[in-house]
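In my numbering, the protein residues as written are 2 to 248.
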């Protein structure tokens with residue numbers, strides 16, 4: 002499995018280089034990191050001397066003062082953000098599944114994007130086989146145990162176990178297009194039984210792909226049946242909002 006730079010005091014997650022690559026490919030010069038948490042993204046962009054301006058929005062966790070952020074605001078993503086339409090990209094890492102109102106957050110991201118801007122969302126994938134088996138045996142997905150004794154801000158509380166399909170539906174509902182699932186360099190299942198158990202689903206996705214009547218439909222089913230969607234532990238999804246205007 003390919004690893005990334007260990008930023009000071011930050012864990013090392015395989016989705017880091019994917020997020021940075023998307024920002025580079027889209028030539029994003031102004032970025033909103035929401036929520037910015039401990040600030041790995043600001044530090045990474047600062048460390049690369051990229052010249053990218055990064056703002057942050059946080060509620061319970063805040064990055065250090067020298068973490069590479071221009072401005073940081075305290076904000077609950079379950080509530081609407083002020084409309085600015087100033088960012089080339091909005092990044093939301095490992096948080097949308099911890100929001101009671103993810104639709105509000107996705108709509109707010111659109112309000113803060115310039116026409117043609119990009120949103121990047123990362124979240125645990127609950128379609129991979131171990132998570133499916135845990136749901137079958139216990140009634141909840143991996144990492145999504147009931148939080149009856151925990152409160153937001155005081156413990157890890159999760160609400161929605163996302164799949165590529167559910168995240169695609171949420172983004173489509175709020176007017177995003179070009180919804181893309183990105184490959185993450187992570188260890189995919191090595192046990193033959195996991196591939197066998199996933200086979201019926203993958204055959205179904207291929208059938209739906211062949212039966213697709215539009216390019217958008219075919220693109221969705223092709224991504225839904227990919228190895229990252231079926232076997233990956235992370236989802237890294239990008240989408241664009243609105244049409245870029247000619248300068």
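Heads up, the beta-carbon is just placed ideally off N, CA and C, and yes, glycines get one too.
Contact between residue 88 and residue 114 holds, since their C-beta atoms are separated by about 6 angstroms, short of 8 angstroms. With the rule of 3 Cβ pairs closer than 8 angstroms, the segment 22-34 counts as touching the segment 109-123.
Shown here, residue 201 sits in a helix according to DSSP, grouped into three states. Note: residue 240 is bridge-paired with 120 in the DSSP secondary-structure output. Under the DSSP assignment, residue 23 falls in the alpha helix (DSSP H) whose first and last residues are 16-26.
A distance below 8 angstroms separates the beta carbons of residue 99 and residue 159. The C-beta distance from residue 202 to residue 126 rounds to 13 angstroms, too long to fall under 8 angstroms, and the pair is not in contact. Taking one beta carbon from each stretch, the segment 91-107 and the segment 184-204 have fewer than 3 pairs nearer than 8 angstroms; the two do not touch. Of the candidates 76, 69 and 108, the residue whose Cα lies closest to the Cα of residue 86 is 108. Residues of the same chain with a CB within less than 7 angstroms of the CB of residue 236, apart from the 5 flanking positions on each side, are 123, 124, 126, 163, 165, 168 and 182 in chain order.
Distance between residue 129 and residue 36, taken at the CA atoms: about 25 angstroms. It is roughly 26 angstroms from the alpha-carbon of residue 131 to the alpha-carbon of residue 153. For residue 43, the secondary structure class from DSSP, reduced to helix, strand or coil, is helix. Beyond the five residues adjoining it in sequence on each side, residue 136 comes within less than 7 angstroms, by CB distance, of 142 in the same chain, given in chain order.
Residues 58, 60 and 82 of the same chain have their beta carbon placed closer than 7 angstroms to that of residue 76, with the five preceding and five following residues left out of the count.
DSSP places residue 218 inside the alpha helix (DSSP H), whose first and last residues are 216-225. Residue 66 counts as exposed, since fewer than 16 other beta carbons sit within 10 angstroms of its beta carbon. Within the same chain, 69 come within 6 angstroms of residue 47 by CB-CB distance, once the 5 residues on both sides are set aside.
Residue 67: not part of any alpha helix (DSSP H); DSSP gives it neither H nor E.
Going by beta carbons, residue 229 and residue 184 fall inside the 8 angstroms limit. Between residue 171 and residue 103 the beta-carbon gap is near 6 angstroms, inside 8 angstroms, which marks them as a contact.
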